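So the structure is just underneath, and the comments pick up after that.
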Amino acid sequence: MNYSRAFVPTLREVPAEAELISHRLLLRAGFMRKLASGVYSWLPLGHRVVQKVAAIVREENNRAGGQELLLPALHPRELWDETGRSAVDVIFRLKDRNERDLVLGMTHEEVITDIVRGEVRSYRQLPLMLYQIQTKFRDEPRPRGGVIRGREFLMHDCYSFHTSQESLDETYRQMYVCYGRILKRLGLDFQVVEAESGSIGGSVSHEYMIVVDSGEDTILLCDSCTYAANAERCEIGQGADGEAFEPDPVKLVQTPGRRTIDEVTDFLEVPAEKMIKTLIYETGGGEVVVGLVRGDRDLNEAKLARALGGAKVALASPETIEKLTGAPVGFAGPQGLKGAKIIADGELRNGGNWVSGANEADAHILNINEGRDFSVDQWADLRVATGGDSCPRCSGTLVEKHGVEAGHIFKLGTKYSAAMGATYLDANGAGQTIIMGTYGFGVTRAVAAMAEQMADADGLLWPISVAPYEAVLLCLNVEEDGALAAKLCDELEAAGVSVLYDDRAERAGVKFKDADLIGIPIQIVVGRSAKDGKVEMRVRGRSEKKEVALSHAAAEAAALKDALLAELDGAADAVRPGV
RNA sequence: CGGGGUGUGGCGCAGCUUGGUAGCGCGUCCGCUUUGGGAGCGGAAGGCCGCCGGUUCAAAUCCGGCCACCCCGACCA
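Following this note's numbering, the numbering of the first sequence begins with 2 at its first residue and continues without gaps.
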């Protein structure tokens, strides 16, 4: 491709709207443009990267036994009513000219299950693995980071159907490897973490986190074993015992208008870790439950729900809180509460002389201790894990990192198949509910995450596997060396190396800057030494450069391409199932 | 949805307090010079000042309403 004819609108100045490195660079390098909040157009270079990532996803899912299909983006709402997910708040809703309710697909469990229930009759047709790569729509509360969290994005979604848990487990392992291989081929530094399956349902799930400081998700990694989990999911180990203490007498203090932990710690000048945060929840069954965590901690609602045997929990209404505590919201404490189960985070066993709400308006209470002043009905791991907490699997310490979720795999079980009546006849002729798995990989998000993780002060740094072109050929003096460079361009193409040939009548500096910004891995320069039959060759982001005879340049570039690809493929081949 | 901020040639911004013929840098086009890390000089094109309404002789500027976009939080299947 000749640069002079290419649509590559690079920007010298940074668009004001972009904060993240990836967002700025993808705009500046002419890979994409914004149409609306969370909605982006992919320009030629960006589109080539997206297509290459999609191709790798396709190759790897085919390798794992998947069959590609293409489902509609426009769905009748009734289909989503079957699983109750039509009420999800991020779903885009619309009506047709006849006032029929439609939604835009944010994922496709319902649609694929509808197809399978209609066509699969016998255990002989299972297992089955079907996938697609398609645009998804989600009405995000707040799109951000450019294409990292968009409202329209390209996603790979795969669904598997089984007659047994063992069969699901096997496919889950295959997909575990599949996503790992994809990310390795993209050259990404990532971490597989145990994840919360959330409202999509199911039991086991893992997320593929691309490790970047700007990532929205917090993950925790053990510094001495392989345990790794999303902060939403992460369990916490026992940890060391607290120091001994002498119980002091209880004391009531007036704290007019101070409701939050921050306000109270400021006012009373006690550290948040000396406080008990008393959170009052209601379960789906209408039961009132009191959750206690240390003042500087956050309660993890998923953990609370699990500790209560899987009940749904939600913060109680102000009326319920007043009825239970006799005080307005903001002054609750665990002492003297009747009619509610008290469940406390294990950390509260360490230490004492806690500060909490007094269960009366505008007052807090000092020096309360478990046993003497309040009792706990159940101890549990209730708080959101943070760096420094103990590993639940060994004696190590958890380290906190940030990541972008690129992929998520779930053992779904029968949640959707049961709700939608997807059954088959087993060998005995008995009807059985199909067991399902679901797997998702954000294609455009992965592209943004690559830009975030693989960039330097000069611009992007694409791995050879997905670079928009494998080589960029800079002809510094088109008048003198244009014919020679054009011939080399043809030779490179013939050798299987895709080339962006910079034939523009620009100064050398402009060409170097643009080449670095765009981030094509192999840079070939036809410059001063062209008259001696030599060109320069180097890899973007690496300092070594060498002079190569013009006659060997195409072959050298092809060999370099193969070597760079082999590095990535070797990493992919080393991926092993972690489950 | 709560809080904060911004909308002025393609991009980045000034002008708004104190109303009076819309400006700068980059980019674009033409010419000459230059030519290995975003060149220099000269010339030129390009703007319903986000939208609607109000005040005024006069509104980018003041007032009201709306919209869009960004950031923080809530949320995130």
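We put the CB at the ideal spot given by N, CA and C, even for glycine. For clarity, every value in this text was computed on a predicted model and none was experimentally measured.
Q) Helix, strand or coil: how does DSSP classify P319 here? A) Locating residue 319 in the first sequence gives position 318, counting from the first residue. P319: helix per DSSP, three-state reduction.
Q. Alpha carbon to alpha carbon, how far is A575 from A30?
A. Numbered from 1 along the first sequence, position 574 holds the residue referred to as residue 575. Numbered from 1 along the first sequence, position 29 holds the residue referred to as residue 30. Computed Cα separation, rounded: 33 Å.
Q. Taking C-alpha atoms, which residue in M455, G216, A232 lies nearest to C223?
A. Numbered from its first residue, the first sequence carries residue 223 at position 222. Of the candidates M455, G216, A232, the one whose C-alpha sits nearest the C-alpha of C223 is A232.
**Q.** Cα-Cα separation, V580 to T261
**A.** For this step, residue 580 is matched to residue 579 along the first sequence. For this step, residue 261 is matched to residue 260 along the first sequence. V580 and T261: Cα-Cα distance of roughly 42 Å.
Q | Supposed contact pair V527 and L475 - C-beta distance, whole angstroms, cut 8 Å | A | Position 474 of the first sequence, counted from the first residue, corresponds to residue 475. Position 526 of the first sequence, counted from the first residue, corresponds to residue 527. Yes, L475 and V527 are in contact; Cβ-Cβ is about 7 Å, under 8 Å.
Q: Look at M209 and A407 and say whether their C-beta atoms are less than 8 Å apart.
A: To locate residue 209, count along the first sequence from 1; it is residue 208. To locate residue 407, count along the first sequence from 1; it is residue 406. Looking at the sequence shown, residue 209 is not Met but Tyr. Yes. Within cutoff.
Q: Within its chain, find whatever has a CB closer than 6 Å to the CB of R234; leave out the 5 residues flanking it on each side and keep chain order.
A: Residue mapping note: residue 234 aligns to position 233 of the first sequence, counting from 1. The answer, listed in chain order, is E195, A196, E197.
Q. Under three-state DSSP, which class holds L12?
A. Numbered from its first residue, the first sequence carries residue 12 at position 11. Reduced to three states, the DSSP call for L12 is coil.
(Q) Is the beta carbon of D378 closer than 8 Å to that of I410? (A) Indexing the first sequence from 1 puts residue 410 at position 409. Indexing the first sequence from 1 puts residue 378 at position 377. No. Outside cutoff.
Q. Going by C-alpha distance, which of E20, T11, F32, M2 is nearest T445?
A. Residue numbering aside, residue 445 sits at position 444 when the first sequence is read from its first letter. Ranking the options by Cα distance to T445, first place goes to F32.
(Q) Can you list, in chain order, the residues of its chain with a C-beta nearer than 6 Å to that of L21? Leave out the 5 residues immediately preceding and following it. (A) On the first sequence, residue 21 is found 20 positions in, with the first residue counted as 1. Once the five neighbours on either side are set aside, the close Cβ partners of L21 are G146, S215.
Q | Pair within 8 Å by beta-carbon distance, K35 and V467 | A | Taking the first residue of the first sequence as position 1, residue 35 is located at position 34. Taking the first residue of the first sequence as position 1, residue 467 is located at position 466. Cβ atoms of K35 and V467: not closer than 8 Å.
Q: Count the other CB atoms, across all protein chains shown, that sit within 10 Å of the CB of F8; report buried if there are 16 or more and exposed otherwise.
A: The residue labelled residue 8 in the question sits at position 7 within the first sequence. Classification of F8: exposed, given that the 10 Å Cβ count is below 16.
**Q.** S225 vs C490 beta-carbon contact at 8 Å
**A.** Residue mapping note: residue 225 aligns to position 224 of the first sequence, counting from 1. Residue mapping note: residue 490 aligns to position 489 of the first sequence, counting from 1. Taking 8 Å as the Cβ cut-off, S225 and C490 do not qualify as a contacting pair.
Q. What's the C-alpha gap between Q166 and T256?
A. Taking the first sequence and counting its residues from 1, one reaches residue 166 at position 165. Taking the first sequence and counting its residues from 1, one reaches residue 256 at position 255. Going by the C-alpha atoms only, they are around 56 Å apart.
Q. Are the CB atoms of D459 and A531 nearer to each other than 8 Å?
A. By one-based count along the first sequence, residue 459 stands at place 458. By one-based count along the first sequence, residue 531 stands at place 530. Going by C-beta atoms, D459 is not nearer than 8 Å to A531.
Q. For the segment 426 to 435 against the segment 117 to 124, are there 3 or more C-beta pairs whose distance is under 8 Å?
A. yes
Q: List the DSSP bridge partners of Q192.
A: Within the first sequence, residue 192 is the residue found at index 191, counting from 1. The partner list for Q192 (beta bridge, DSSP) reads M210.
Q. Residue range of the alpha helix (DSSP H) that W380 falls in?
A. The sequence position of residue 380 within the first sequence is 379, counting from 1. Per DSSP, W380 belongs to no alpha helix (DSSP H); it is in the beta strand (DSSP E), 379 to 381.
Q. Which residues in the same chain have their Cβ closer than 8 Å to the Cβ of M362, if we skip the five residues on either side of it in sequence?
A. To locate residue 362, count along the first sequence from 1; it is residue 361. Position check: residue 362 holds Ala in this sequence, whereas Met was assumed. The residues are A328, P329, F332.
**Q.** 6 Å Cβ shell around W43 - same chain, five flanking residues per side excluded
**A.** Position 42 of the first sequence, counted from the start, is the residue given in the question as residue 43. Excluding positions up to five away in sequence, the list reads M33, V51.
Q | Three-way DSSP call (helix, strand, coil) for H24 in this model | A | Along the first sequence, read from residue 1 onward, the residue named residue 24 stands at position 23. H24: helix per DSSP, three-state reduction.
**Q.** Beta-carbon proximity list for A572, same chain, < 6 Å, skipping 5 on both sides
**A.** Residue numbering aside, residue 572 sits at position 571 when the first sequence is read from its first letter. Closer than 6 Å at the Cβ level, and outside the excluded window around A572, lie K185.
Q.
In whole angstroms, give me the CA-to-CA distance for N368 and L75.
A. Numbered from its first residue, the first sequence carries residue 368 at position 367. Numbered from its first residue, the first sequence carries residue 75 at position 74. If you take the alpha carbons of N368 and L75, they lie about 60 Å apart.
Q) At which residue ranges does the segment 239 to 274 contain complete beta strand (DSSP E) runs of 3 or more residues, listed in the order of the chain? A) 252 to 255
Q) Under three-state DSSP, which class holds C159? A) In the first sequence, counting from the first residue as 1, residue 159 sits at position 158. Strand at C159.
Q. In angstroms, rounded to a whole number, what distance separates the CA positions of I281 and G340?
A. The count along the first sequence starts at 1 and reaches residue 281 at position 280. The count along the first sequence starts at 1 and reaches residue 340 at position 339. Cα-Cα distance, rounded: 12 Å.
Q. With distances taken from CA atoms, which of A303, R49, L399 is nearest G389?
A. Within the first sequence, residue 389 is the residue found at index 388, counting from 1. Minimum Cα distance to G389 is reached at L399.
Q: Determine the direct distance from the alpha carbon of L187 to that of L566, and round the result to whole angstroms.
A: Your numbering for residue 566 matches position 565 in the first sequence. Your numbering for residue 187 matches position 186 in the first sequence. Answer to the nearest angstrom: the Cα atoms are 10 Å apart.
(Q) In this structure, how does DSSP classify G510 when only helix, strand and coil are distinguished? (A) Walking along the first sequence from the start, residue 510 turns up at place 509. It is helical.
(Q) Measuring alpha carbon to alpha carbon, tell me which residue in L349, Y228, E288 is nearest L1. (A) Absent from the model: residue 1. The displayed extent of the chain is 2 to 580, so no value can be given.
Q: Report the residue from G296, D267, G311 whose alpha carbon sits nearest the alpha carbon of A303.
A: As a first step, residue 303 is located in the first sequence; it is residue number 302 there, counting from the start. Minimum Cα distance to A303 is reached at G311.
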